[in-house]
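Going by the working numbering, 372 is the number at position 328 of the sequence shown; the sequence numbering is gapless.
Presented below is the structure to which this report refers.
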Amino acid sequence: MFNLLKIYNKILDLILKYKDLNIVSFKRTSYLIFIIILVMLFDALSIISVMPLIQYIQAGQDIDQFIKANNYGQYLVDVSSFLSIPFTLLNLSIVLFLFVSMRQFFNIFEVWETDKTRLQIAKNLSINCFKNIMLSKATFIRSLKQGQFTALCETEVTNTSLLYKIFLQFISVGIQIIAYATVMFYVAPLMTGMAVLLIIILIFSMMTFVKKTHIAGDLVVTLRKRFYNFVSENFSLWRLFKFGSLVNTEVKQIENLAQDYADKQLDIIKYSIISRFFIAVVAMFLCITFLNLSVNIFNFDFAKITLFSLIFIRLIPLGTRLNGSINGIVAYAPSLYVIREILRDSVLHKEELEKGIDFKGINKSIEFKDVSFSYDKSKSNIILKNINLTIPSNKITAIIGRSGGGKSTLIDLLPRIISPDSGKIYIDGKNIEDYSLASIRNKISFVSQDTILFDGTVRENITYYIPNADEDEVIEAAKLSGAHDFIEKFSKKYNYNIGEKGFKLSGGQKQRLILARAFLSKPKILILDEATSSLDYNSELHVKKAINKFTKLNNCTVIIIAHRNTTIENADLAVLIGDGKIIDRGDSSKVLSKYLGS
Ligand code: ATP
Ligand code: MG
């Protein structure tokens, strides 16, 4: 019971606390509960209207007899004369038919409206998970895995929406049971009191199964995350297994994982079946016992026995549904918990994109002042140590140094993918935190060590940041990066599909395409992190010239990180970084020789 209350609070939270996310409104939930109550009302009315029908037949269709035999008879006859409807068997049957039809109508309407809301919740949660995670800081995004992200945006949100639906079902079944119990209590208080007591005892004895289901539900969510992570990571590593002939080892692993995942899901079904069986048997036993009691001890008349039997027949499936919905709620609740946790954390880690002044470009310089940084915020593994560095505007600055020295980390500080633990970075004397993140990132083009391409045409990949670019501009950018020549050789030229992550291209072709994308967006800061490492000598020479031209034409500040001397030679300034510190800076040939000699 405690668990149900906790879950109920979390669902309410999702509706009320996360109102801004527009997942489902309180109004919509109240509307659904209202329809459920209408179903209940007509259900109760149709059951209750059976009694006068039978008693009227028992009275030989004689109105006086009927009034005499039943205390409510006079009232019914008065109502029918007030409505000018003759009190006949046919009319009583029509009333019953109408109530049953209304019940069916509202029932179907309720199913339609609830499922519509359920799908809307799943959709809204999915969008919100995707959006909030994407809008959060890099540190938070990096803490998630691809499979976990897929599971969140699909299965966990679907389960959470099912949980909402099951909860409504729980409320509906609960109200029905209370309504029937009230009718029964009115007709036979003592017997109903005994039955209710026995049912309460039965519910409490089911709690062990409920707890077990909850634990299994928790494990299912954890195993699903692991399973999705495994599948998505392995798919991207297929070459690794093929070359080592290790496919079978991976298959063995997925066999174990899939087995665990299936076992835990089966556990939930097992607990649900056992408790369903238990409830059905006990309910039948109660039914027969009370039927006998009602005839032999309480001396019920035929109409009362029929009413009781009807209610009992309705109560047995309701009891099983109540039990089923309790099991469903506790089994799906862990999905809701994960979604809430992710929504809460992503909101906490949200990046403020628009706040701050508009960044238009650099007039003088970028300055790092006493900047220190560590990934795990520990004093023992400091990656950047008190960096003081000035990068002049509209010039080419090369950053060199041994692998793992902190070059890429230093550069990630500029678009504020990460922030310094101490120290500040200034652009033209203004702290970069005063500029709006969106405007800074719009003016920075970043060509990194990972070639980031997507499944689409050459043109779509080049124009990703500038979707409305003219054909001439696209070709000019492709010519500058040296991509135009090989694009022209493709069957569909700029409409050629490059495949997922650009797998149909060579390493050098990928880099040139990303360079074309960077050139097209006309950035004020161009960062090239090992961006030409896959190019042959001539292609690199071409790109180097292009960068020189681009820098002058567009007033662009270029930062190049590279290991090859050929890449760095024509830089205006070189900075040597080692072990998180600046070792030397100045003329590129001087710094380069120091680097090569070190
Ligand atoms: P390379 O020339 O090989 O690209 P680099 O100079 O760019 O090297 P960085 O990528 O900045 O080096 O890495 C500096 C240090 O920070 C390395 O020791 C690396 O292990 C660590 N590091 C980098 N990225 C992360 C991360 N996301 N989490 C934790 N540690 C990291
Ligand atoms: Mg690097």
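All C-beta atoms in this analysis are idealised placements derived from N, C-alpha and C, irrespective of residue type, glycine included.
Along the chain, where does the beta strand (DSSP E) containing Asn278 start, and where does it finish? Careful: Asn278 lies outside any beta strand (DSSP E), inside the alpha helix (DSSP H) at Met251 to Ser280.
Secondary structure, alpha helix (DSSP H): runs of 4+ residues fully inside the stretch 154-238: 182-186, 190-195 and 201-231
Ser452 beta carbon near the ligand MG (any heavy atom closer than 6 Å): Yes; taking the cut-off as 6 Å, the Cβ of Ser452 has a heavy atom of the ligand MG nearer than that.
Tell me the residue span of the beta strand (DSSP E) that contains Val415. Taken as a continuous stretch (DSSP letters only), the beta strand (DSSP E) holding Val415 covers Ser409 to Phe417.
Per-residue DSSP class, three states only, for Ser289: coil
Determine the contact status of Ile312 and Thr236, defining contact as a CB-CB distance below 7 Å. no
Tell me the start and end of each unbroken beta strand (DSSP E) in the stretch 336-417 that is at least 3 residues and wholly inside, in chain order. 409-417
Which residues bound the alpha helix (DSSP H) around Thr595? Tyr581 to Asn598
Taking Phe594 and Leu524 to be in contact with their CB atoms under 8 Å, please state how far apart those CB atoms are, rounded to whole angstroms. Contact holds; Cβ gap of about 6 Å.
Anyone know if the C-beta pair for Ile462 and Val619 falls short of 7 Å? no
Mind checking whether the beta-carbon of Tyr639 lies closer than 6 Å to any heavy atom of the ligand ATP? no
When burial is assigned at 16 or more other CB atoms within 10 Å of the CB, is Ala615 buried or exposed? buried
Quick one: Cα of Tyr119 to Cα of Leu242, how far? 35 Å
Extent of the continuous alpha helix (DSSP H) to which Ser452 belongs: Lys451 to Asp456
Give me the Cα-Cα distance between Lys423 and Leu397, rounded to the nearest whole angstrom. 30 Å
Any idea if Ala306 is buried or exposed, counting beta-carbon neighbours within 10 angstroms, 16 or more meaning buried? exposed
Once the 5 residues before and after Gln213 are set aside, which same chain residues still bring their CB inside 6 Å of it? Ser369
Could you spell out the range, first to last residue, of the alpha helix (DSSP H) harbouring Thr132? Taken as a continuous stretch (DSSP letters only), Thr132 belongs to no alpha helix (DSSP H), as it is neither H nor E.
Between which two residues does the alpha helix (DSSP H) holding Gly552 run? Gly551 to Leu564 is the span of the alpha helix (DSSP H), which, as asked, contains Gly552.
Closer than 8 Å is the cut-off here; do at least three beta carbon pairs connect the stretch 566-583 with the stretch 475-494? yes
Quick one, are the C-beta atoms of Gly400 and Tyr479 less than 7 Å apart? With contacts defined by Cβ atoms closer than 7 Å, Gly400 and Tyr479 form a contacting pair.
How far does the beta strand (DSSP E) with Ser489 in it reach, from first residue to last? First-last of the beta strand (DSSP E) with Ser489: Ile488 to Val491.
Does DSSP classify Thr611 as helix, strand or coil? helix
Limits of the unbroken beta strand (DSSP E) element including Gly467: Ser466 to Ile471 is the span of the beta strand (DSSP E), which, as asked, contains Gly467.
Among Gln99, Asn438, Ala377 and Phe285, nearest to Asn115 - alpha-carbon criterion: Gln99
Three-way DSSP call (helix, strand, coil) for Thr333 in this model: helix
Short of 7 Å in beta carbon distance, which residues of its chain neighbour Phe563, apart from the five on each side in sequence? Order them along the chain. These residues qualify, in order along the chain: Ala521, Leu524, Ser525 and Phe594.
Can you find the residues in the same chain that come closer than 7 Å, C-beta to C-beta, to Lys638, ignoring five residues on each side of it along the sequence? Leu620 and Asp628
Extent of the continuous beta strand (DSSP E) to which Ile431 belongs: Counting along the chain, the beta strand (DSSP E) containing Ile431 begins and ends at Leu428 to Pro436.
Gly473 to Phe271, Cα distance in whole Å? 50 Å
Cβ neighbours of Arg147 in the same chain (closer than 7 Å, five flanking residues each side left out): Around Arg147, the same chain offers Val83, Phe86, Asp87 and Ser90 as residues with beta carbons nearer than 7 Å, after the five sequence neighbours per side are excluded.
To the nearest angstrom, how far is it from the Cα of Phe126 to the Cα of Arg72? Going by the C-alpha atoms only, they are around 38 Å apart.
Give me the Cα-Cα distance between Ile386 and Asp262, rounded to the nearest whole angstrom. 16 Å
Quick check: what's the CA-CA separation for Ile317 versus Leu207? 19 Å
Any 3 or more C-beta pairs closer than 8 Å across the stretch 222-237 and the stretch 291-308: no
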